[in-house]
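Numbering (our numbering), first residue to last: 61 to 338.
Using N, Cα and C, we set each Cβ at its ideal position, and we do this for glycine too.
Read the structure below first, then the notes.
Here it is, written out as structure tokens:
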């Protein structure tokens with residue numbers, strides 16, 4: 061019996077150590093940006109320029125921006141949890157080619173930017189980006205927010221706060237807590253999550269037309285999470301499912317054309333102009 065008690069104690073200790081390790085290291089798992097600032101010259105995109113925003117907590121962050129034609133709507137892209145905007149420029153370049161302005165937003169702690177990422181930090185970064193666009197004579201009514209993976213949590217929050225024109229979510233989740241619990245089923249992961257990005261709670265606040273994209277082979281964020289989010293979202297909304305797509309190749313499987321068609325339908329050009337960045 062003493063041996064069994066010792067065995068149980070070892071198991072319990074190991075379980076607590078594992079749980080504690082996940083809690084302490086969760087932000088390193090969730091935010092995997094780091095690295096130096098990407099070189100915009102290597103993106104090969106005409107009209108691309110680096111712009112700076114200042115967040116409410118005083119950070120100066122760098123982003124990439126391609127202005128569209130005068131009066132054109134702008135798509136603000138919030139990327140996923142790994143890499144930086146340099147790795148997304150080619151993917152989202154068709155949006156600029158279609159005549160939209162394109163702002164590739166970069167987070168604190170990513171792509172050479174200062175600061176440490178957190179949920180509240182990323183939301184502050186996104187607000188600063190949208191405020192910057194407003195200051196360039198691009199009102200919310202000419203902005204679409206686009207979220208990719210982790211960035212869908214940012215995009216949902218912004219679409220709920222602002223009167224944006226359209227929202228696109230690529231491989232979204234209900235909440236980080238739900239994803240953590242699904243991946244780490246053997247610990248009470250959902251109760252340990254600091255940065256919850258609770259899109260399921262926030263989705264009902266969205267008033268703009270919504271497009272959700274998901275791949276049938278996505279193992280990182282399985283489509284059931286996107287389906288639940290879609291079911292909770294108010295109309296007007298559209299679900300675009302790509303059976304053969306996984307988490308990373310939706311645009312290679314035809315999602316790009318779907319996105320551009322959706323934006324062309326809902327981002328009607330309005331009077332005004334896209335000013336040159338200061």
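In the structure shown, residue 102 falls within a helical segment according to DSSP collapsed to helix, strand and coil. Bounds of the beta strand (DSSP E) holding residue 205 are 203-208. Annotated as distal: residue 176 and residue 311, with beta-carbon spacing of 9 angstroms or more. Between residue 230 and the set 149, 160, 316, the nearest pair of CA atoms involves 316.
In this model, residue 278 and residue 271 are separated by some 18 angstroms (Cα to Cα).
Between residue 300 and residue 273 a beta carbon distance of about 5 angstroms is seen, short of the 8 angstroms cut, so the two are scored as contacting. Apart from the 5 residues on each side of it in sequence, residue 116 sits with its Cβ closer than 8 angstroms to the Cβ of 184, 187, 188 in its chain, given in chain order. A distance of 9 angstroms or more separates the beta carbons of residue 276 and residue 237. Going by DSSP, residue 325 is part of the alpha helix (DSSP H) stretching over 315-326.
Annotation: the continuous beta strand (DSSP E) that includes residue 114 extends over 109-114. Around the CB of residue 254, fewer than 16 other CB atoms lie within 10 Å, so the residue is classed as exposed. If you check the CB distance, residue 105 and residue 156 come in under 9 angstroms. Ranked by how close their Cα comes to the Cα of residue 88, the residues 178, 314, 203, 128 have 178 in first place. By the criterion of a C-beta distance shorter than 8 angstroms, residue 266 is surrounded in its chain by 216, 219, 220, 227, 293, 294, once the five residues flanking it on both sides are discounted. Exclusion of the five residues before and after residue 297 leaves 269, 270, 271, 272, 290 as the residues of its chain whose Cβ lies within less than 8 angstroms of its Cβ. In this structure, DSSP gives residue 230 an extended state, which the three-state scheme calls strand.
A distance below 6 angstroms between beta-carbons, with the five flanking residues on each side excluded, links residue 119 to the following residues of its chain, in chain order: 168, 174, 175. Excluding residues up to 5 positions away in sequence, 208, 209, 210, 211 lie with their Cβ nearer than 7 angstroms to the Cβ of residue 140 in the same chain.
For residue 125, the secondary structure class from DSSP, reduced to helix, strand or coil, is strand.
In the displayed model, residue 281 falls within coil according to three-state DSSP, outside both helix and strand. The criterion of a C-beta distance shorter than 9 angstroms is not satisfied by residue 191 and residue 223.
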